[in-house]
Amino acid sequence: MMIVHNIQRNDDIRKVTIVNPLPEYYSPEVRQLVFQFVKNNRHEPKENFKDCEFYNLKGFEISFSDNDEHLCYMQLWAAGQSVNDDVHNHTSDDTLCEVHACSANGNGRSGMHYLNSSKQFYDPLTTSKSAFEKLELPSFHEHGPLWNINVQNRPVLRNDSTVVYA
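First residue of the sequence shown? That's 26 in the working numbering, and the numbers climb one at a time after it.
Here you go:
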């Protein structure tokens with residue numbers, strides 16, 4: 026293993042272990058759940074991920090304990106060196122508000138690009154690169170919301186229930 030930016034770097038995603046730290050009061054079946062990274066194209070085949078070192082760890086829903094109200098869905102992913110997740114459009118995903126957190130930024134300059142404004146429909150394959158802003162995501166940081174928020178602190182939605190990203 027190599028150390029990059031004071032973070033131990035792993036050279037193989039199969040060596041990454043996700044520990045299930047649920048306490049004893051959860052059922053044995055839940056506590057024995059295994060979380061494993063799988064190559065992305067096994068679950069969501071997309072041409073732009075073919076032969077790409079990009080892995081997803083299928084996630085789980087987190088709800089408030091007092092009323093079971095949905096809080097968020099947690100999903101992890103890992104990308105190999107120089108892997109680009111490419112432009113993709115979440116406008117077809119009803120009320121998706123995606124926040125990324127980075128546990129290890131291999132070169133210190135990686136991050137994401139987001140659209141300056143998504144108030145109008147756009148095609149990610151034909152939208153000019155100048156319409157995007159780069160946001161570096163250092164190790165152990167998250168970028169916070171990139172979507173518009175209304176006065177009730179809820180995401181602003183289009184007429185078709187999709188989220189307006191800043």
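The C-beta atom is built at its ideal place from N, Cα and C for all residues, glycine as well.
Count the other CB atoms within 10 Å of the CB of residue i; is the residue buried (16 or more) or exposed (fewer)?
{"i": "His68", "result": "Low per-residue confidence applies at His68: pLDDT is 43, beneath 50, and the placement is therefore not dependable, though the value from the model is reported in the following sentence. It is exposed - the Cβ of His68 has fewer than 16 other Cβ atoms within 10 Å."}
{"i": "Phe165", "result": "exposed"}
Please go through the same chain and pick out, in chain order, the residues whose beta-carbon is closer than 8 Å to the beta-carbon of residue i, but skip the five residues on each side of it.
{"i": "Glu167", "result": "Val124, His125, Ala126, Cys127"}
{"i": "Asn175", "result": "Val181"}
Skipping 5 residues on each side, what residues in its chain have a beta carbon closer than 7 Å to that of residue i?
{"i": "Glu158", "result": "His138, Tyr139, Asn141"}
With respect to the alpha helix (DSSP H) encompassing residue i, which residues constitute its N-terminal and C-terminal limits?
{"i": "Glu54", "result": "53–56"}
By the DSSP assignment, the beta strand (DSSP E) with residue i in it spans what residues?
{"i": "Gly84", "result": "79–88"}
{"i": "Gly136", "result": "136–140"}
{"i": "Glu161", "result": "157–161"}
{"i": "Cys97", "result": "95–104"}
Using the C-alpha atoms, what's the distance from residue j back to residue i?
{"i": "Trp172", "j": "Phe85", "result": "22 Å"}
{"i": "Trp102", "j": "Gln177", "result": "31 Å"}
{"i": "Asn45", "j": "Asn184", "result": "40 Å"}
{"i": "Asp148", "j": "Val189", "result": "14 Å"}
If you drop the 5 nearest sequence neighbours on each side, which residues of the same chain put their C-beta closer than 6 Å to that of residue i?
{"i": "Gly105", "result": "Glu78"}
{"i": "Ile43", "result": "Phe60"}
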